[in-house]
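Input: a single structure, listed below in structure tokens.
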């Protein structure tokens, strides 16, 4: 039963760890990319510059879902924790497999 539980946790963590990392990294990079786009549009029409500038303000720095605050840094940290959990579960699963 323990072998199944650790293997199941490992499989779920292997699915969600890269997703959280990728989403967190994109969310972290997106505001700086948007601000650099404002700099490139700076020489053009002022109306377009204002529109792109307002678009950069629409990217939130954090979200609150059911009382939990989620930010780009927390997603990256959670992804790294899931990678560590995957390694731990793989080690325990291999250890239990040898004992059986």
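In this note's numbering, the protein residues as written are 87 to 186. C-beta: ideal position from N, C-alpha, C; glycine also.
Considering only residues of the same chain and omitting the five flanking positions on each side of residue i, which have a CB-CB separation below 6 angstroms?
i: residue 171; result: 99
i: residue 164; result: 106
i: residue 113; result: 158
i: residue 103; result: 165, 168, 169
i: residue 241; result: Summary: the structure shown does not reach residue 241, with the chain confined to residues 87 through 186, and so no result is reported for it.
Quick one: what does DSSP say residue i is sitting in, helix, strand or coil?
i: residue 186; result: coil
Would residue i be called buried (16 or more neighbouring beta carbons within 10 Å of its own) or exposed?
i: residue 92; result: buried
i: residue 153; result: exposed
i: residue 133; result: exposed
i: residue 179; result: buried
i: residue 110; result: buried
i: residue 161; result: buried
With a threshold of 7 angstroms, establish whether the CB of residue i neighbours any heavy atom of the ligand SAM.
i: residue 160; result: What this structure holds is no ligand at all, so the ligand SAM is not there to describe.
Suppose the cutoff is 8 angstroms on Cβ atoms and the five residues either side in sequence are ignored; what does the same chain contact list for residue i look like?
i: residue 94; result: none
Tell me which residues share the same chain as residue i and place their Cβ nearer than 7 angstroms to its Cβ, disregarding the 5 neighbours each side in the sequence.
i: residue 148; result: 155, 156, 157
i: residue 88; result: 182
i: residue 120; result: 141, 142, 145
i: residue 117; result: 142, 145
Write down every uninterrupted run of the beta strand (DSSP E) in the stretch 99-176 whose length is 3 residues or greater and which is fully enclosed by it, in chain order. 148-151, 154-157
Would you check if the stretch 165-184 and the stretch 117-127 touch, i.e. whether three or more CB-CB distances between them fall below 8 angstroms? no
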